[in-house]
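Chains S and W, in that order, give the protein sequences.
All residue numbers for the first sequence refer to this note's numbering, where the first residue is 12 and numbers rise by one.
All residue numbers for the second sequence refer to this note's numbering, where the first residue is 12 and numbers rise by one.
There are 2 protein chains.
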Amino acid sequence: MLDSKTKIAIAGVGTVGKGLIDLLLKYKDKQSKIEISAIASRKKQEFKGATFKNTVFFDDAKELLKFNNYDILVELIGGEKGVSKEIVFNALREKKNVVTANKALVSKFWHQLHSLMEKNDCLLKYEAAVAGGIPIIKVIDEFLLSNKISKIYGILNGTSNYILSNMLLYKKDFKTILSDAQKLGYAEADPKFDIDGTDTAHKLSILSSLAFGCYKNVLKIDNEGIENVDLQDLEIADSLGYKIKLLGLTELRNKNIKNFVYPCLLSKDSFIAKIDGVYNGIVVESNFCKKSCFVGEGAGAHPTATSVLSDIISLSTRRKNGFKKSHKFHYEETSLQSRFGSYYLRFTTYDKPGVISGIANQFKIFKISMKSMLQKEMEFENSNDATIVITTHNCLEKNMMKALKQINRQNFIRKKTVYFRIENY
Amino acid sequence: MLDSKTKIAIAGVGTVGKGLIDLLLKYKDKQSKIEISAIASRKKQEFKGATFKNTVFFDDAKELLKFNNYDILVELIGGEKGVSKEIVFNALREKKNVVTANKALVSKFWHQLHSLMEKNDCLLKYEAAVAGGIPIIKVIDEFLLSNKISKIYGILNGTSNYILSNMLLYKKDFKTILSDAQKLGYAEADPKFDIDGTDTAHKLSILSSLAFGCYKNVLKIDNEGIENVDLQDLEIADSLGYKIKLLGLTELRNKNIKNFVYPCLLSKDSFIAKIDGVYNGIVVESNFCKKSCFVGEGAGAHPTATSVLSDIISLSTRRKNGFKKSHKFHYEETSLQSRFGSYYLRFTTYDKPGVISGIANQFKIFKISMKSMLQKEMEFENSNDATIVITTHNCLEKNMMKALKQINRQNFIRKKTVYFRIENY
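This is the structure:
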């Protein structure tokens, strides 16, 4: 393979697959050592020119189970089961290298995939699975290899970041901006996984597993989405010096690991708060490099294809048997209940006496102290209502949840109290 | 070399060398495939323990010219001539791989070093030469390999960024903050190269050469430092919504290449403006990934050593003869004279009639149009003076320089007019 060409078999020619072929065609000279030996695609596509002169075409990716003339399988079908899973596992069993953008598969079968890699001395690379246009896997796996990472956090989903940014920018509600995003191609027809935090959890699971050598089952990640973020919260947060962002966080302290996905307030001065629109941003904290921050487009055909191609090139120039990490650590889980931090609370109450003392009494019981309170005339809704916004000093999540439960039962409360966590990054 | 250890010879145990040894000692298990076969250091150092059991020690790095028992030379002495140059060239001639943090050497001998590499099929890696804690070389050379880069810009010098940030933060003048920085170890005893832009130019030269395959002679980079940035400019810029940063920029458009280093105003909303203190920040613009931004500590023992070790690991796991870039392009130089952009101007005048019209007349002659004007009472200095701040719409640098030359000759001008370019990133 040293001076010969690297043969790749591409499975799936959707958005990312088309992007990859674009890149290969655009810079033929740079990629002259890559040969496409097979393309599997359900749709009839037109692939013309010298680049495809040695390419075999399949209608069904399952044909790749029998096809053997490739060095690297490039799996771009997606999904944690079915043909994508079959061909990836088959390739690794056949001691072939694999490049994939499939975050669901990689996060779910982390252990099995790594065991197969070690057993068969081959590699699966998945730069494209997390933050398309940011080489975060390379950073963690190759650059920060000699550092001890303590924390990784950031904005890992471009769709939800686009929605939150534009709700505030255009003063429109969630549904309107989501509909705009769908028209513009920034959100899928079924945007469930982007909006409810599942997509962020998949990516966080991969980052956590990679950085801490400890597989993080995605199903166990505490996971809240942005469905309930209201325009008025974005506006009030803004007036208080914050932005609301869907944050994914994985942190290792002593033997405790913490993984959360939720929308939260971030000071406008923090790096992460400044990342708007479809951009992703990731901060890695490590013992020797302190804080490193990476910002780029999180998705889209070309940034993601750049990641795929970077993996292909890396595999074709890298010797096997390099520096491998053990993935056998085990850590205790830290539950969200033990979070110690501050909160933004928006109470919708009837406009009558005794409201503040009703809230304050519960705060006292649960050892919560106020940092700021806002009770201006805010005519968002019904004029018989009062809106009170409180930010708190640090307290235990467990206490906060108990206090809110009690407060929500009070007869002066008109609507369930809205809360967000305030993070200091 | 496949399963055996990679032998490294370390030349120079100063700040970065000590940081590297720290990293190697701290994570022995991870770095178990690296063996230190030699250390050359002028100062007597104490190296104890199993890590050094096969290490030969030299007082003089020149001894490495005769020493042959290593796979990778790690040159951490620095400087573009003398022993560092000798041992690096000698190693490449001997077909050994080299890792260095030496920006002066790499930027000055770019062509010779690359010719030797190609001829002898060995590699010189220099991640640590640019922005210690940011893997920018890896990003350009491995991740964005399939993209066409159009522009790279950012804050490449931590010392000058620290000074500018803290002048504004603590409302102190240049000399006071520089002196503080020296006490805290953020500036060297002789900070000339950090402050006058030379250090930024070295790094920019490397980034430009790498991204555009065109060697950029560092001596030809237009280069202004921060010596003349006054506290009041930082304050006024702040009030106008800008920060002043020492920016390095390399840009390729058509066949024209542009390389500049100067302090300039950046909108507070831009990524780069938000990078304060000793942090470095680099933005890369490319055709497929659009805008990618990388932020981290730019210098210091451990971030820089992280880069060095990342290169060592990469060399020990990478096959030679990978994807190489040709470095044979030639582009025309674009001079700063042809810059088309906006400006911030601060005039110090006698407080008498006719001043504004005197300025405006010159603007008219040279086709410069005003965007904003500020003439508040600003009692920074002598109360007989007037201070006028003007920002302009886009105009040609050539015209602006001519206009300023004329204006500075007018009898109402008390002091040479201060100007900064305004960049929109």
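For each residue, glycine too, the CB sits at the ideal point set by N, CA and C.
C-beta neighbour in chain S for residue i, strict 9 Å
i	result
G30/W	yes
H313/W	yes
V366/W	no
L150/W	Strictly speaking, residue 150/W in this sequence is Val, with Leu absent from that position. Output row for V150/W: interface = yes.
P146/W	yes
A371/W	no
I7/W	Because chain W is modelled from 12 through 436, residue 7/W falls outside the range shown and cannot be assessed.
G196/W	no
C275/W	no
K306/W	It is worth fixing the name first, because residue 306/W is Val in this sequence and not Lys. Answer yes: the Cβ-Cβ gap between V306/W and chain S drops below 9 Å somewhere.
K59/W	no
K301/W	yes
Alpha carbon of residue i to alpha carbon of residue j, nearest angstrom
i	j	result
V24/S	Y273/S	33 Å
F358/S	L155/W	49 Å
E86/W	C406/W	46 Å
N270/S	I370/S	31 Å
E199/W	Q193/W	6 Å
A248/W	A139/S	40 Å
S48/W	G169/W	33 Å
L35/W	L242/W	43 Å
N410/S	S368/S	18 Å
S321/W	A22/W	17 Å
A112/W	K29/W	13 Å
A284/S	I255/S	8 Å
I98/W	V319/S	38 Å
D71/S	I268/S	42 Å
D184/W	S171/W	13 Å
G89/W	K114/W	8 Å
I148/W	V141/W	8 Å
F78/W	W121/W	25 Å
K186/W	N265/W	42 Å
S281/S	E105/S	47 Å
G236/S	Q348/S	18 Å
Neighbour flag for residue i against chain W, beta carbons, 9 Å
i	result
I166/S	no
L156/S	yes
S437/S	A question about residue 437/S goes unanswered here, because the residues of chain S that appear run from 12 up to 436.
N298/S	yes
A316/S	yes
K159/S	yes
Y38/S	yes
Other residues of its chain near residue i: CB distance less than 6 Å, five sequence neighbours each side excluded
i	result
E296/S	S161, K162, K302
D396/S	T359, R425
L245/W	M178, L179, I255
N108/S	I83, C133, L134, L326
L127/W	L103
I399/S	F358, Q386
P314/W	G143, G144, E308
Same chain only: Cβ atoms within 8 Å of residue i, ignoring 5 sequence neighbours per side
i	result
T17/W	K44, I45, E46, D82, I83, I323, L326, S327
T462/W	Because chain W here runs from 12 to 436, residue 462/W falls outside it and cannot be looked at.
Own chain, CB closer than 7 Å to residue i, minus 5 neighbours either side, in chain order
i	result
K363/W	F423
K96/S	L116
T26/W	A312
S353/W	K382, T402, T403, H404, N405, I433
N158/S	S297, N298, F299, C300
S278/S	G252, Y253, A284, N435
Anticipated Cβ contact below 8 Å, residue i with residue j, distance rounded
i	j	result
L215/W	L167/W	7 Å
T402/W	I433/W	7 Å
L195/S	I174/S	Incorrect: roughly 11 Å between the Cβ atoms, too far for contact.
I19/W	Y137/W	Rounded, the Cβ-Cβ distance is 15 Å, inconsistent with contact.
G144/S	C304/W	The pair is not a contact, with the Cβ atoms about 10 Å apart (cut-off 8 Å).
M381/S	F374/S	7 Å
F431/S	L257/S	F431/S to L257/S, Cβ: 11 Å. No contact.
P146/S	V294/W	Contact doesn't hold; Cβ gap of about 15 Å is too wide.
K75/S	F69/S	Per the sequence shown, the amino acid found at residue 75/S is Leu instead of Lys. Rounded, the Cβ-Cβ distance is 7 Å, consistent with contact.
Q: Pair every Cβ in the stretch 207-224 of chain W with every Cβ in the stretch 180-187 of chain W, then say whether three or more of these pairs are closer than 8 Å.
A: With the cut-off at 8 Å, the stretch 207-224 of chain W and the stretch 180-187 of chain W do not touch.
Q) Does the stretch 309-316 of chain S come close enough to the stretch 276-296 of chain S to have 3 or more Cβ pairs within less than 8 Å? A) Yes, the stretch 309-316 of chain S touches the stretch 276-296 of chain S.
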